[in-house]
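Read the structure below first, then the notes.
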Amino acid sequence: MNICVFLSAADLDARYTRPAREFAELLGKGGHTLVWGGSDVGLMKVVADGVQEAGGRLLGVSVGFLAAKARPDADEMVVARDLAERKALLLEKADAVVIMVGGTGTLDEATDILELKKHGHTTKPVVLLNTVGFYDGLKEQFQRMEDEGFLPVPLTDLVFFAEEPVGALAYLEESLGKQ
Numbered sequence: 017m018n019i020c021v022f023l024s025a026a027d028l029d030a031r032y033t034r035p036a037r038e039f040a041e042l043l044g045k046g047g048h049t050l051v052w053g054g055s056d057v058g059l060m061k062v063v064a065d066g067v068q069e070a071g072g073r074l075l076g077v078s079v080g081f082l083a084a085k086a087r088p089d090a091d092e093m094v095v096a097r098d099l100a101e102r103k104a105l106l107l108e109k110a111d112a113v114v115i116m117v118g119g120t121g122t123l124d125e126a127t128d129i130l131e132l133k134k135h136g137h138t139t140k141p142v143v144l145l146n147t148v149g150f151y152d153g154l155k156e157q158f159q160r161m162e163d164e165g166f167l168p169v170p171l172t173d174l175v176f177f178a179e180e181p182v183g184a185l186a187y188l189e190e191s192l193g194k195q
């Protein structure tokens, strides 16, 4: 599978890097390809290192103004004109999406894919990896949106919340019938 991961490029505490590394190793050992923002810094580097060291492939999609931070030894690297094209290319090249911890860029990418799913423009499975409860508030907000009629489809049709890396990958493999 080509698994797109939306995540931070920041240097983060071990409580975030450890689960990210675990997911990356599971992805690589499974023979999957990481589709990610292409950066060789912070959490993006942790995940790319883990996938590559475990035998997986790296397909990066960088953007012009961040190309200097792109990973030099990726199996494939595409440089998009702008962030909008980058998001479109990431989704185009992926079979599934995992949302890890991140800031506003990650949140933007997450809401974009969920909006596409909501309107039936994609059926790709989406997992939100809720590392150490990072997305508890967002999960609560999404649940409120559903409860109060803001979502025209059930929340469970849009996103699967996983608390652990192994659960995230298991959900994707089951959803796509590739175990």
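Read in order, the letters of the sequence shown are residues 17 to 195 in the working numbering. By construction, the Cβ of each residue, glycine as well, lies at the ideal position given by its N, Cα and C atoms. Keep in mind that this is a model prediction, so the values were computed, not measured.
- When C-alpha distances from F177 are compared across E131, I115, R34, R31, the shortest belongs to I115.
- By the 16-neighbour rule on beta-carbons within 10 angstroms, R97 is exposed.
- Here the alpha carbon of D56 sits roughly 9 Å from the alpha carbon of V63.
- According to the DSSP secondary-structure assignment, S55 is paired through a beta bridge with A86.
- Contact between F39 and P181 is confirmed by a C-beta separation of about 4 Å, below the 8 Å threshold.
- In the structure shown, the three-state DSSP call for R97 is coil.
- The DSSP-derived three-state label of T122 is helix.
- In the structure shown, the three-state DSSP call for E164 is coil.
- The distance from the Cβ of G44 to that of A25 is about 20 Å, inconsistent with a contact at the 8 Å cut-off.
- Distance from the CA atom of G183 to the CA atom of A126, rounded to whole angstroms, is 19 Å.
- E180 sits in coil when the DSSP states are folded into three classes, being neither helix nor strand.
- Just so you know, the alpha carbons of K155 and K134 end up roughly 16 Å apart.
- Our two residues, R73 and E164, have alpha carbons roughly 42 Å apart in a direct line.
- Under a 10 Å Cβ-count criterion, H137 is classified as exposed, with fewer than 16 other Cβ atoms of the shown protein chains found around its own Cβ.
- Looking at the DSSP output, A36 bridges to nothing.
- Counting the other Cβ atoms within 10 Å of the Cβ of R31 gives fewer than 16, which makes it exposed.
- When secondary structure is reduced to three states using DSSP, S78 falls in the strand class.
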